[in-house]
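Some notes on the structure that comes next.
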Amino acid sequence: MGKHERGWVEATERLTARLANGAEPGGDLIDDGRRDLAEALADRLRSDFPDRTAVRHAGNSYDSLGDLVVESPDGETFVEAKFVASGGTRANLGQDTLTDFGLFRDATAWSDFREEIGFPEDREALLRQFDDYPDDVRDWSYKSAVYDRAKHLKNVVDVSRGQNTGSRADEVLADPDASETEREAARIIDEILELDREEKLAYFDHLRAAEQDPRAIETFAHLIVCGYHTADALEAHFDRDLDEIKRLIETDAYRLYEVNRNTGAVTVENPADLLAGFEWRDTRIEIPEDGTSVSVVTGPPDDRRRVLNIAYNWKNKFQGIQTPSMNVFVPEA
30 MGKHERGWVE ATERLTARLA NGAEPGGDLI DDGRRDLAEA LADRLRSDFP DRTAVRHAGN
90 SYDSLGDLVV ESPDGETFVE AKFVASGGTR ANLGQDTLTD FGLFRDATAW SDFREEIGFP
150 EDREALLRQF DDYPDDVRDW SYKSAVYDRA KHLKNVVDVS RGQNTGSRAD EVLADPDASE
210 TEREAARIID EILELDREEK LAYFDHLRAA EQDPRAIETF AHLIVCGYHT ADALEAHFDR
270 DLDEIKRLIE TDAYRLYEVN RNTGAVTVEN PADLLAGFEW RDTRIEIPED GTSVSVVTGP
330 PDDRRRVLNI AYNWKNKFQG IQTPSMNVFV PEA
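Numbering follows the numbering used here, with no gaps: position 141 of the sequence shown is 170.
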């Protein structure tokens, strides 16, 4: 979250607390925050906690597990507030998150692994096979050269908005009326997709041989389920007492509220429900022999349960081209 976004989000959280307490907010909060979103969240908190005695903002640091604290005669409930562009609890994390946070001990980061096996050079060699680039993307000396060439290949095969690039490339290759230029672009796209898949499978072989840290994996899983979906938030909370986090969840003292920034709709996830029945034995990352996702699993051998799915993904252009990342989600969500 950028500095500007963090500013309006914090102001909106403070607005929420004041509105939930029946107090009029000051002018600065109204100017800096989103009153419509604060009112929607405050209304939901008043409905969900009819016996509340106060709602307070936890402060602008990561010291508290939650942005808001709802006080009631039965104790405190910590509320993590998320203002999202679309529904659903998802984490889009940096490509090296699992190694950066020590879930694998002494494993090579994904970004370094690609460099070591020569993936960038192999990808460039494939892109260079296309002869019909426009003049403005023929220069290989600038940073976005790879991205611009991949974008041009997508344009050549006419990938429509929301369409899978690989599927469209296969359609072109199967079309007897496609031009040679279109077929060449489609062939290169398919070969880059296959190169990316082979690289991911090789990396999974590397991870499979690495030692895992079950405590770090368990901490990561709990923080993700609690809504901590950025590297900064994970880093700020990663050294917290895991047993205390579990206690808050198990005693129904933690909730995740998501407010849609476009509609004002509020949804609630209770981590206690998502994690109900988990025994937290032999927690580890399960790596399939074939596929580009891994899973956090836990439990005894006769009742292994999946906590998280983690997909290794490229967010822009198509797989193997731009913005490598990890998409993390809760299977039950």
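Idealized CB from N, CA, C, for every residue including glycine.
With respect to the 8 Å criterion, V175 and T210 are not classified as neighbours on the basis of their beta carbons.
A contact between stretches requires three or more CB pairs, one per stretch, nearer than 8 Å, and the segment 103 to 111 meets this requirement with the segment 276 to 295. Residue burial annotation: D225 is buried, with at least 16 other C-beta atoms found within 10 angstroms of its C-beta. Counting C-beta atoms within 10 angstroms of its own C-beta, A203 has fewer than 16 neighbours from the protein chains shown and is therefore classed as exposed. Cβ neighbours of F307 within its own chain (closer than 8 Å, five residues either side excluded): T327, G328, R334 and V336. In the structure shown, G195 falls within a helical segment according to DSSP collapsed to helix, strand and coil. The way I'd put it, the segment 166 to 181 doesn't touch the segment 256 to 274; fewer than three beta-carbon pairs between them come closer than 8 Å. When DSSP states are grouped into helix, strand and coil, N50 belongs to the coil group. The criterion of a C-beta distance shorter than 8 Å is not satisfied by I246 and V357. Residue range F148 to L156 is occupied by the alpha helix (DSSP H) that includes F148.
Taking the C-beta atoms as reference points, L94 is found no nearer than 8 Å to V84. Per DSSP, V186 is one residue of the alpha helix (DSSP H) stretching across A174 to V186.
DSSP, reduced to helix, strand and coil, places A294 outside both helices and strands of the structure shown, so it counts as coil. DSSP places I314 in the uninterrupted beta strand (DSSP E) bounded by R313 to E315.
With a cutoff of 8 Å on beta-carbon distance, V201 and A215 are scored as near each other.
With at least 16 other beta carbons inside 10 angstroms of its own, T194 counts as buried.
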